[in-house]
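Enquirer: Numbered per mature numbering (1 follows the signal peptide of the UniProt record, and there is no 0), the sequence shown spans residues -28 to -1, 1 to 296.
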Amino acid sequence: MSKARRYITAGGTLACALGIGYFMQAGAQSPAQNATAIPGPALEAPVEITQIELTSAGAVPPMTAPEPVALPATPVTLAVAQDVPLTDTLPEEEIAPSFACDYIMEARAQAAAMVEVTLSAPCQPNTNFTLHHNGMMFTAVTDDQGESTLTIPALAEAAVFIAAFEDGEGAISTATMDTLALYDRFVVQWRGGEVLHLHAFEYGAEFGGSGHVWANASEDMTRALKGEGGFLTSLGEPNLDQGLRAEVYTFPTGAMLQDGVVHFQVEAEVTDANCSRDFEAQSIATGAEGLVVQDIVLAMPDCEGIGDFLVLKNLFNDLKIASN
C-alpha cells in the first residue's frame, strides 16, 4: 500500500469514530433530562379509549406448487454420428510446387581440336562460374537466361569439362578429341586483369611482324587447318578484377608443310594491383612429352615501375617443326 493511501484510510477512520461518539453521548441521556430541557404548558388530561375491537385479515393458504410435467410415453432416442473406421493408408501430403533448376552442359568436338561447351543453368542468370579442364581454369559468366557458350582448346583426348558455381552447384560434360595429337598447345593462366601475355614468334618473326601471334594479333583456327601457322585463344571474363584468365597458343605441328622453329616469350605487366609484391601464375604445355605444368612466382618491381613489363623468355622450350 502506498503512503498516500495510508493517509486517506487513517483520516476516514478518525471521522467515523467522532460521529459514533456523538450519537452514543446523545443516546445516553435519560428521559427525565429530556423532559426538563423542553419548556412549555402543562400536559392535558389523558384520553380514555374504549370499545377496542381486534381485527385481522383472513388466512391466505399457501400457493400450491406446480405439478411436475409428465415425461412422454415414447422413450427419447439419442442419435450420434457413426464413427469412420481408420484405414492403414493415410492421405498423401500434397506436394508444394517448386521451380526446377536443371544444370545441363554439353561438349562437342570441333575442328582444330577445339571443343564447343554449352551450359544451361536457369537458376544462375548473370552469374560467375569457373570452367575447369585438365588443370586449366578460367572464370566465365552466364547470360540473362543462365546460359553460356564457350569455345575451348582441348588439352586431353578424353576431355572432361566441369562448370562450378560459387554455391557448390555445377555440371560436367566430356568429349573425345581424336585430332589432338596433330596440335601442340601452350597455356599461361593467372588471376586478375590484363597482366600476362603469351607471344609466339613463328619462323623467325619480329615483334609486330607477320608470324608474331599474340592477343593483339591472335589469328584464327583457319590458319591452323591450312597448315600455315598457329592461333591464340583468350579465355576468362576480362572485366573481373579477380577473375581467372588464360591464354592458349595452338600450333598445328602435325600438319605443317614447312620446317622451322617457334620461339616463345611471356610478358608480365607491372600494375598498381601487383607492384611491389609476388605475382603467381602457371604454365601448361602439351605435346610429345605429355602434359607439363609449371608454377610461376614473379617478384614484381616497386610501384614506380607501373606500366613496365617483365619478359620471360625461357618459360617454354622452342618448338621445332619438321615438315610432313
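Even for Gly, the Cβ is constructed at its ideal location relative to N, Cα and C.
What residues match up with I76 in a beta bridge as DSSP calls it?
Expert: S92
Enquirer: Whole angstroms are fine: how far does the CA of E241 sit from the CA of F281?
Expert: Going from the Cα of F281 to the Cα of E241 covers about 4 Å.
Enquirer: Between the Cα of E219 and those of A227, I256, G201 and A196, spot the shortest distance and give me the residue it belongs to.
Expert: I256
Enquirer: Drop a sphere of 10 angstroms on the beta-carbon of N246, count the other beta-carbons inside from all chains shown, and report buried for 16 or more, exposed for fewer.
Expert: Taking a 10 Å sphere around the C-beta of N246, we find 16 or more other C-beta atoms and assign the residue as buried.
Enquirer: How about D192 and V234: do their beta carbons lie closer than 8 Å?
Expert: no
Enquirer: With a Cβ-Cβ cutoff of 8 Å, do D250 and V265 count as a contact?
Expert: no
Enquirer: I need the boundaries of the alpha helix (DSSP H) containing M228, first residue and last residue.
Expert: From DSSP, M228 is part of no alpha helix (DSSP H); its letter is neither H nor E.
Enquirer: If you pair each beta-carbon of the stretch 106 to 113 with each one of the stretch 138 to 147, do three or more pairs fall below 8 Å?
Expert: no
Enquirer: Are the beta-carbon atoms belonging to L91 and A130 less than 8 Å from one another?
Expert: no
Enquirer: DSSP beta-bridge partners for V167?
Expert: Looking at the DSSP assignment, V167 forms no beta bridge with any residue, so it has no partner.
Enquirer: Enumerate in chain order the residues of its own chain whose CB-to-CB distance from V283 is below 7 Å, with the five nearest sequence positions on each side excluded.
Expert: If we look at V283 and ignore the five residues flanking it on each side, its Cβ neighbours are Q237 and E239.
Enquirer: Within 10 angstroms of the Cβ of L180, are there 16 or more other Cβ atoms? Answer buried if so, exposed if not.
Expert: It is worth fixing the name first, because residue 180 is Gly in this sequence and not Leu. Exposed, by the Cβ-count rule.
Enquirer: Is there a C-beta anywhere in chain C that falls below 8 Å from the one on Y155?
Expert: No chain C is part of this structure, which consists of one protein chain only.
Enquirer: Kindly indicate the opening and closing residues of the alpha helix (DSSP H) around T194.
Expert: M193 to L197
Enquirer: In whole angstroms, what is the alpha-carbon distance linking A83 and A271?
Expert: 39 Å
Enquirer: Let's test the definition: count the other Cβ atoms within 10 Å of the Cβ of D116 and tell me whether it reaches 16, buried, or not, exposed.
Expert: exposed
Enquirer: Between S120 and the rest of its own chain, which residues show a CB-CB distance below 6 Å, the 5 nearest in sequence each way excluded?
Expert: L91, A112 and T114, listed in sequence order.
Enquirer: When the Cα atoms are used, what is the spatial distance from residue 297 to A196?
Expert: Because the chain is modelled from -28 through 296, residue 297 falls outside the range shown and cannot be assessed.
Enquirer: With DSSP run on the structure shown, which of helix, strand or coil describes L207?
Expert: Strand.
Enquirer: Comparing C-alpha positions only, which one of K292, G215, T243 and I293 sits nearest to F101?
Expert: Distances from the alpha-carbon of F101 to those of K292, G215, T243 and I293 put G215 closest.
Enquirer: What distance in whole Å lies between the Cβ atoms of L127 and T258, which are believed to be in contact at a cut-off of 8 Å?
Expert: 6 Å
Enquirer: Name the residue from T205, A85 and D150 whose alpha carbon lies nearest to the alpha carbon of A110.
Expert: The amino acid occupying residue 110 in the given sequence is Phe; Ala does not appear at that position. Taking only the C-alpha atoms, the option nearest F110 is T205.
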